[in-house]
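Chemist: I have a structure here, written as structure tokens, and I will follow up with some questions on it.
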DNA sequence: TTCTTGCCTTGACCTGAATCAAACGCCAAA
DNA sequence: TTTGGCGTTTGATTCAGGTCAAGGCAAGAA
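Protein chains in written order, with the working numbering: chain A, 1 to 249; chain B, 250 to 498.
Right under this line is the structure:
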């Protein structure tokens with residue numbers, strides 16, 4: 001089973017280029033973000049859409065639950081999380097986002113954000129005014145298709161998390177989590193077997209519906225089995241096939 | 250906390266009228282489904298979009314995971330569920346749909362369905378060819394907005410389920426489930442405090458990440474507390490405020 | 001009517017994860 | 001260098017929910 005806990009291929013609409021002004025057409029991640037069939041003229045219109053990039057420091061909020069929804073944000077650099085805080089104080093991480101991923105989709109439904117989004121490390125975002133994106137999508141069909149796919153994949157991703165939370169034991173959840181990160185790093189050109197976790201054990205636990213101690217123990221156990229090596233936030237996957245098998249029990 | 254486990258207000262795009270041909274403009278649920286600001290001309294175009302209604306018998310599949318995605322379906326009558334079956338035999342119900350709800354959104358992301366959809370009782374659906382809907386949405390702006398809201402709300406709904414699965418104990422999950430049904434019945438003009446469950450304990454359990462015995466015990470316990478009365482599939486909510494409070498522990 | 005079948009409830013017991021607690025290691029500030 | 005604090009690991013214990021098992025009830029078939 002290959003869980004798609006988060007977009008393995010970046011689903012970004014666009015990201016801007018640092019030196020020039022915000023030019024999606026020049027962006028390094030362009031081919032990952034936008035369908036190739038977009039005509040140069042249309043591309044220029046998309047370029048104009050993207051607002052000035054926003055820099056964030058570790059710990060800063062991008063938006064909070066309850067705030068009016070205006071932008072979606074493409075992650076250019078850095079690492080982010082989204083979480084829901086319930087009235088009775090429960091806190092659930094709903095996702096971790098890295099370069100090319102999109103933040104803010106939770107606001108579309110009711111024009112109000114339903115999550116908090118926080119930077120886990122310093123980073124940069126490209127804000128895209130959603131109303132204008134919608135308008136442009138009405139005129140550029142491949143852009144509309146693309147937007148729908150982004151929303152559709154988010155729904156599938158959430159279903160996968162539901163399976164994880166509803167039907168897997170602790171160690172399986174951790175294995176699925178690591179495999180998902182592995183894929184996402186791989187698709188961004190980083191090592192799929194050697195990477196750093198940007199989130200704490202508590203955040204991992206919250207995302208996976210586990211206590212931080214349980215998450216920690218699951219990591220330790222996978223290490224004892226020789227499947228991974230983990231030291232604090234540095235993870236090495238030693239036996240990818242066995243990590244896969246750790247999910248099917 | 251009011252969990253929005255599924256659309257409390259029907260999010261349908263359209264449903265057809267039984268006697269005439271498929272005419273959304275005449276449908277009893279029209280005002281629930283489509284934004285009011287749609288012009289009569291546009292309305293006629295939407296009417297033409299909806300394919301012939303499809304009748305389903307209890308137990309029949311609407312679509313299965315892996316099948317190509319072509320339609321989304323508006324529930325006209327009946328009761329449906331969607332579930333994911335993993336390679337290793339795990340089965341997780343991802344949602345229950347009633348009149349006005351939409352089936353098939355799981356196919357948008359990859360043009361392949363990622364869930365199975367099954368009728369829990371006899372019912373009728375209005376299939377809408379998604380490619381054509383997308384095309385029309387490019388021309389009718391309120392329709393496009395509406396479509397995006399449907400997708401956006403589905404994402405928020407899934408986040409709420411994630412909170413439920415990740416952070417609530419068994420009895421809280423059951424209470425949240427009942428409250429959600431209550432709201433949805435209420436918004437359709439049925440009693441919010443007296444209704445029939447259409448799904449088995451096993452399906453409820455699967456949706457909520459519980460074993461069927463645990464689900465059954467939670468129902469029994471809420472009954473012992475005098476909060477609900479339940480006999481097999483017939484539920485009466487006796488004390489709505491206490492049922493609410495049963496969630497915050 | 002009786003039989004069959006599927007679904008639900010309840011009890012007894014077991015286990016995986018939560019909880020409580022202590023200690024360690026790393027980093028940053030003093 | 002020391003000190004303090006945060007995040008992590010690990011151990012001991014508890015408990016919610018899973019598992020196994022038995023029995024009941026309702027509806028449809030024979």
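From the three backbone atoms N, C-alpha and C, an ideal C-beta is built for every residue, glycine too.
#1: What does residue 402 of chain B reach in chain A if we use C-beta pairs closer than 9 Å?
#2: Return helix, strand or coil for residue 54 of chain A, following the three-state DSSP convention.
#3: If you count every other CB in all the chains shown that lies within 10 Å of the CB of residue 360 of chain B, and 16 or more means buried, which is it?
#4: Assign residue 290 of chain B to one of two classes, buried (16 or more other C-beta atoms within 10 Å of its C-beta) or exposed (fewer than that).
#5: For the alpha helix (DSSP H) that contains residue 319 of chain B, what are its first and last residues?
#6: Considering residue 196 of chain A, what are the terminal residues of the beta strand (DSSP E) in which it resides?
#7: If we define contact as Cβ-Cβ less than 8 Å, is residue 87 of chain A a contact residue for chain B?
#8: Within the same chain, show all residues whose beta-carbon is closer than 6 Å to that of residue 489 of chain B, passing over the 5 residues directly before and after it, in chain order.
#9: Any Cβ of chain A within less than 8 Å of the Cβ of residue 451 of chain B?
#10: What are the boundary residues of the beta strand (DSSP E) that residue 110 of chain A is part of?
#11: So what does DSSP say about residue 275 of chain A, is it helix, strand or coil?
#12: Taking residue 328 of chain B as part of the beta strand (DSSP E), name the residues at either end of that continuous run.
#13: Would you call the CB atoms of residue 301 of chain B and residue 421 of chain B closer than 8 Å?
#14: Relative to the alpha-carbon of residue 384 of chain B, which residue among A/142, A/133, A/131, A/182 has its alpha-carbon at the smallest distance?
#15: Give every residue of the same chain whose Cβ lies closer than 6 Å to the Cβ of residue 424 of chain B, excluding the five residues on either side of it in the sequence, and list them in chain order.
#16: Jot down the residue ranges of each uninterrupted alpha helix (DSSP H) in the segment 162-217 of chain A, minimum 4 residues, whole runs only, in chain order.
#17: Since I believe residue 401 of chain B is in contact with residue 362 of chain B (beta carbons under 8 Å), could you give me their beta-carbon distance rounded to a whole number of angstroms?
#18: Strictly under 8 Å for the Cβ-Cβ distance: is residue 12 of chain A near chain B by that measure?
#19: Please classify residue 124 of chain A: does DSSP put it in a helix, a strand, or coil?
#20: I'd like the list of long-range same chain contacts for residue 356 of chain B, defined as Cβ closer than 6 Å, with 5 residues on each side in sequence excluded.
#21: Which two residues bound the contiguous alpha helix (DSSP H) that contains residue 293 of chain B?
#22: Is the beta carbon of residue 105 of chain A less than 8 Å from the beta carbon of residue 97 of chain A?
#23: Determine, for residue 405 of chain B, whether the minimum Cβ-Cβ distance to residues of chain A falls below 8 Å.
#24: Specify, as a first and last residue, the run of the beta strand (DSSP E) that residue 346 of chain B falls within.
#25: Do you know how far the Cα of residue 210 of chain A is from the Cα of residue 335 of chain B?
#26: Identify whether residue 485 of chain B lies in helix, strand or coil by the three-state DSSP scheme.
#27: Have a look at A/165, A/217, A/77, A/227 and flag the residue whose alpha-carbon is nearest the alpha-carbon of residue 124 of chain A.
#28: List the residues of chain A whose Cβ lies closer than 7 Å to the Cβ of residue 324 of chain B, in chain order.
#29: With residue 368 of chain B as the anchor, note down where its beta strand (DSSP E) starts and where it stops.
#30: Report yes or no: is there a C-beta of chain A within less than 8 Å of the C-beta of residue 465 of chain B?
#31: Along chain B, in chain order, which residues have C-beta atoms closer than 7 Å to that of residue 132 of chain A?
#32: Kindly list, in the order they appear in chain B, the residues whose Cβ is closer than 9 Å to that of residue 244 of chain A.
#33: Residue 246 of chain B touches chain A at which residues, Cβ-Cβ below 8 Å?
Modeler: Short version:
#1: On the second chain, residue 402 of chain B is found 153 positions in, with the first residue counted as 1. Listed along chain A are 108, 109, 110, each with a C-beta nearer than 9 Å to that of residue 402 of chain B.
#2: The residue given as residue 54 of chain A occupies position 54 in the first chain. Here residue 54 of chain A sits in strand by DSSP.
#3: Within the second chain, residue 360 of chain B is the residue found at index 111, counting from 1. So residue 360 of chain B counts as exposed.
#4: For this step, residue 290 of chain B is matched to residue 41 along the second chain. Classification of residue 290 of chain B: exposed, given that the 10 Å Cβ count is below 16.
#5: Translated into positions along the second chain, residue 319 of chain B becomes position 70. Run containing residue 319 of chain B: none; DSSP gives neither H nor E here.
#6: Stepping through the first chain from its first residue, residue 196 of chain A is reached at position 196. Taken as a continuous stretch (DSSP letters only), the beta strand (DSSP E) holding residue 196 of chain A covers 194-196.
#7: Residue numbering aside, residue 87 of chain A sits at position 87 when the first chain is read from its first letter. So yes, residue 87 of chain A belongs to the interface.
#8: Sequence index remark: in the second chain, residue 489 of chain B carries index 240 (1-based). Answer for residue 489 of chain B: no residue qualifies.
#9: As a position in the second chain, residue 451 of chain B is number 202, starting the count at 1. Chain A places no beta carbon closer than 8 Å to that of residue 451 of chain B, leaving this residue out of the contacts.
#10: Counted from its first residue, the first chain places residue 110 of chain A at position 110. No beta strand (DSSP E) holds residue 110 of chain A; DSSP gives it neither H nor E.
#11: Chain A is shown only over 1 to 249; residue 275 of chain A falls outside these bounds and no answer can be derived.
#12: Working through the second chain from its first residue, we reach residue 328 of chain B at position 79. Looking at the DSSP string, residue 328 of chain B is not in any beta strand (DSSP E), and its letter there is neither H nor E.
#13: For the purposes of this step, residue 301 of chain B is taken as residue 52 along the second chain, with counting starting at 1. For the purposes of this step, residue 421 of chain B is taken as residue 172 along the second chain, with counting starting at 1. Cβ atoms of residue 301 of chain B and residue 421 of chain B: not closer than 8 Å.
#14: Here residue 384 of chain B is taken as the residue at index 135 of the second chain, counted from 1. The shortest C-alpha separation from residue 384 of chain B is found at A/142.
#15: Translated into the one-based positions of the second chain, residue 424 of chain B becomes position 175. Counting only Cβ-Cβ distances below 6 Å, and skipping sequence neighbours, we find 492, 495, 496.
#16: Fully enclosed alpha helix (DSSP H) runs of 4 or longer: 170-187, 201-208.
#17: Sequence index remark: in the second chain, residue 362 of chain B carries index 113 (1-based). Sequence index remark: in the second chain, residue 401 of chain B carries index 152 (1-based). So it is not a contact: roughly 20 Å between Cβ atoms.
#18: For the purposes of this step, residue 12 of chain A is taken as residue 12 along the first chain, with counting starting at 1. Because the pLDDT at residue 12 of chain A is just 45, under 50, the model does not fix this residue reliably, and the point stays unresolved.
#19: What you label residue 124 of chain A is simply residue 124 of the first chain in a count that begins at 1. Strand, per DSSP.
#20: Position 107 of the second chain, counted from the start, is the residue given in the question as residue 356 of chain B. Setting aside the 5 residues that flank it on each side, residue 356 of chain B is surrounded in the same chain by 318, 362, each with a C-beta closer than 6 Å to its C-beta; the list follows chain order.
#21: Along the second chain, read from residue 1 onward, the residue named residue 293 of chain B stands at position 44. Start and end: 289-298.
#22: Start at 1 with the first residue of the first chain, and residue 105 of chain A comes out as number 105. Start at 1 with the first residue of the first chain, and residue 97 of chain A comes out as number 97. Not closer than 8 Å, so no.
#23: One-based indexing of the second chain puts residue 405 of chain B at position 156. Yes - at least one Cβ of chain A is within 8 Å of the one on residue 405 of chain B.
#24: In the second chain, counting from the first residue as 1, residue 346 of chain B sits at position 97. Note, residue 346 of chain B: beta strand (DSSP E), 340-346.
#25: Looking up residue 335 of chain B in the second chain gives position 86. Looking up residue 210 of chain A in the first chain gives position 210. For residue 335 of chain B and residue 210 of chain A, the distance between alpha carbons rounds to 21 Å.
#26: Locating residue 485 of chain B in the second chain gives position 236, where the first residue counts as 1. Residue 485 of chain B: strand per DSSP, three-state reduction.
#27: Residue mapping note: residue 124 of chain A aligns to position 124 of the first chain, counting from 1. The residue with the shortest Cα to Cα distance from residue 124 of chain A is A/77.
#28: Indexing the second chain from 1 puts residue 324 of chain B at position 75. Here the premise fails: no neighbours, minimum Cβ distance about 17 Å.
#29: Taking the first residue of the second chain as 1, we reach residue 368 of chain B at position 119. It spans 365-368 - the beta strand (DSSP E) in which residue 368 of chain B sits, taken as one unbroken run.
#30: What you label residue 465 of chain B is simply residue 216 of the second chain in a count that begins at 1. It does not: the Cβ of residue 465 of chain B has no partner Cβ on chain A nearer than 8 Å.
#31: Translated into the one-based positions of the first chain, residue 132 of chain A becomes position 132. Within chain B, no residue comes near residue 132 of chain A; the closest Cβ sits about 13 Å away, beyond 7 Å.
#32: Taking the first chain and counting its residues from 1, the one referred to as residue 244 of chain A is at position 244. Those within 9 Å of residue 244 of chain A in chain B number zero; the least Cβ separation is about 11 Å.
#33: Since the first and last residues shown for chain B are 250 and 498, residue 246 of chain B lies out of range.
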